[in-house]
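Worksheet: the structure to be examined is printed underneath.
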Amino acid sequence: ALTKHGNRMTGVQAQDTETGEVFELKSKAVVNATGVFVDSIRRMDEPDATAMLSPSQGVHIVIDKKFLPGDSAIMIPKTEDGRVLFAVPWHGKVLLGTTDTPVDTPAEEPRPFHEEISFILRKAVQNLTPATTRSDVLSVFVGLRPLVNADAAASTAEISREHTIRVSESGLFTITGGKWTTYRKMGEDVMEVVSQHSGLPSHPSVTKHLKIHGWREQATDKSIEPYGSDAGTVQQLAGSDNRLHGRLPYTEAEVRWAVRYEMARTVEDVLARRTRSLILDAAASIETAPKVAEILAAELGLSQNWQQTQIKAYQSLAEGYLLSV
93 ALTKHGNRMT GVQAQDTETG EVFELKSKAV VNATGVFVDS IRRMDEPDAT AMLSPSQGVH
153 IVIDKKFLPG DSAIMIPKTE DGRVLFAVPW HGKVLLGTTD TPVDTPAEEP RPFHEEISFI
213 LRKAVQNLTP ATTRSDVLSV FVGLRPLVNA DAAASTAEIS REHTIRVSES GLFTITGGKW
273 TTYRKMGEDV MEVVSQHSGL PSHPSVTKHL KIHGWREQAT DKSIEPYGSD AGTVQQLAGS
333 DNRLHGRLPY TEAEVRWAVR YEMARTVEDV LARRTRSLIL DAAASIETAP KVAEILAAEL
393 GLSQNWQQTQ IKAYQSLAEG YLLSV
């Protein structure tokens, strides 16, 4: 919830979902940077607020590398819905996409529509060898785009991807639109607006030249490249030689690293967010869930019952990334 004093924004109310404890967090400024969910937060402040967004979803399909050997991507510039379609070598697999389909209400776990899957596979059959079928799909995942409202006649493919900042009468700052590739600029721009309206001191942004954690000049071992300068420490943890699954590139050591240094608390955290297991091979990730739950329980001091609950919850989630043949 949002908290106010009179008609001025003063902070937020938040709940720890593990313990149930509720916190009142006071602040001189509250920024609503919740992507496709910004309108629901805005309506906590102004119940009659007009929607800022016309969200759309993009579907991606992951298939085996055999369908596109080599390192070159394919771009299909003309399709019936006007979008570019692509096939890209990606983490030892091939990534196919994408679609641009309007959605009325954003979901926490968006699912592909049948026609989106059919569209992508139809184009894949026309451009890849051997022909790709539903049984070849290792994972299908959906992203939601926070597209800022435009003329009602415009398609979502034509709506601007630029970000927008709004300040409500109570002082709630909302930033939305934009893309992953512009996140740093979005952060800089919204903080400039916050300092102008909230009385907070203005400081020049330093993020343009700030190195991210783990940076180094050159990568060496491809398998641990995402860890950068932390790679050596990851390799020293127990299980660095033990793969979680034959079809996944991740090790038991990476699960321990995720718990100790990346705040992973659940099987889903590890397989869907700290690694790409879920979107590289959903079935393989389900098969390795018990092992991940076992390592997590040992690291966090949790029970066998907790493990079983985690395994079931993850299986239920991951099944949504599989196609029924």
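Each residue of the sequence shown is one higher than the last, beginning at 93 in this note's numbering. Glycine residues also receive a C-beta, built at the ideal position from the N, C-alpha and C atoms. This one's a predicted model, so the numbers in the text were calculated from it and none came from an experiment.
inquiry  = So for Q397, helix, strand or coil by DSSP?
reply    = In the sequence as presented, Gln is not what sits at residue 397; that position holds Asn. Three-state result, N397: helix.
- Query: How many angstroms separate the CA atom of D333 from the CA atom of E346?
  - Reply: 10 Å
- prompt: For F422, which residues does DSSP report across the bridge?
  reply: There is simply no residue 422 to check, as the chain begins at 93 and stops at 417 in what is shown.
I'd like to know whether the C-beta atoms of F265 and V286 end up nearer to each other than 8 Å.
yes
- What is the DSSP secondary structure of M461, reduced to helix, strand or coil? Within the shown structure, residues of the chain are numbered from 93 to 417, placing residue 461 beyond reach of any answer.
| Leaving out five residues before and five after R365 in sequence, what residues of the same chain have Cβ atoms less than 8 Å from its Cβ? | A356
- Test item: CB-CB of S290 and D137 under 8 Å: no
Notebook entry, point to check: Going straight from the alpha carbon of T248 to that of L145, what length do you get?
Noted result: Note that T248 has pLDDT 46, beneath the 50 cutoff, so the model's placement of it is unreliable and the number below is only indicative. Rounded to whole angstroms, T248 to L145 spans 10 Å at the Cα level.
Leaving aside the five residues before and after V282 along the sequence, list all residues of the same chain whose C-beta is less than 8 Å from its C-beta, in chain order. V123, A125, I257, F265 and I267
Using CA coordinates, which residue listed in M101, E113, V130 and T109 is at the minimum distance from S119? M101
ask   = Between the C-alpha atoms of A421 and I133, what's the straight-line distance to the nearest angstrom?
value = Since the first residue of the chain shown is 93 and the last is 417, residue 421 is not available in this structure.
Rounded to whole angstroms, what is the Cα-Cα separation between L394 and L220?
47 Å
### Task
Have a look at the DSSP bridge pairing and note the partners of E116.
Q105
State the DSSP-derived secondary structure class of D137, mapped to helix, strand or coil.
helix
Exercise for the section: Answer yes or no: do I153 and V229 have a C-beta to C-beta separation smaller than 8 Å? Expected result: yes
(message) Among the candidates P293, H295, L292 and Y319, whose CA atom is the shortest distance from the CA of H305?
(response) Y319
Cβ-based neighbour list, S262, same chain, cut-off 7 Å, excluding 5 preceding and 5 following: K96, N99, R100, M101 and D137
Review point. Name the DSSP bridge partner or partners of S231?
Key: V154
Original post:
Nearest to G189 by CA position, among L329, V195 and I212, is which residue?
Top reply: I212
### Message
For the beta strand (DSSP E) containing V362, name the first residue and the last one.
### Response
Counting along the chain, V362 falls outside any beta strand (DSSP E), and DSSP gives it neither H nor E.
Among residues of its own chain, excluding the 5 on either side of R368, which ones have a beta-carbon nearer than 7 Å to its beta-carbon?
-> H183
Exercise. Count the other CB atoms, across all protein chains shown, that sit within 10 Å of the CB of S416; report buried if there are 16 or more and exposed otherwise.
Key: exposed
If you count every other CB in all the chains shown that lies within 10 Å of the CB of L187, and 16 or more means buried, which is it?
-> buried
Checklist entry - Cα separation between T401 and F233? => result 24 Å
In the structure shown, what three-state DSSP assignment does L392 receive?
helix
Find out if the Cβ-Cβ distance for the pair P198, L236 is shorter than 8 Å.
yes
Using the beta-carbon count (16 or more within 10 Å), is L292 buried or exposed? exposed
Cut-off 7 Å between Cβ atoms - residues of its own chain near H337, not counting five sequence neighbours on either side = A376, E379 and T380
Sort out for me which residues DSSP pairs K96 with in a bridge.
-> M101
Quiz prompt | Closest Cα partner of L302 within the set P169, E280 and D322 | solution = E280
Worksheet item: Are E344 and I387 touching if we call contact CB-CB under 8 Å?
Response: yes
Review point. Beta strand (DSSP E) containing I166: first to last residue?
Key: I166 to I168
- Report the option in D140, E391 and K215 whose CA atom is closest to the CA atom of Y353. E391
On the DSSP bridge list, what partners appear for K404?
Beta-bridge pairing links K404 to no other residue.
Worksheet item: With 16 other CB atoms within 10 Å as the buried threshold, where does H255 fall?
Response: buried
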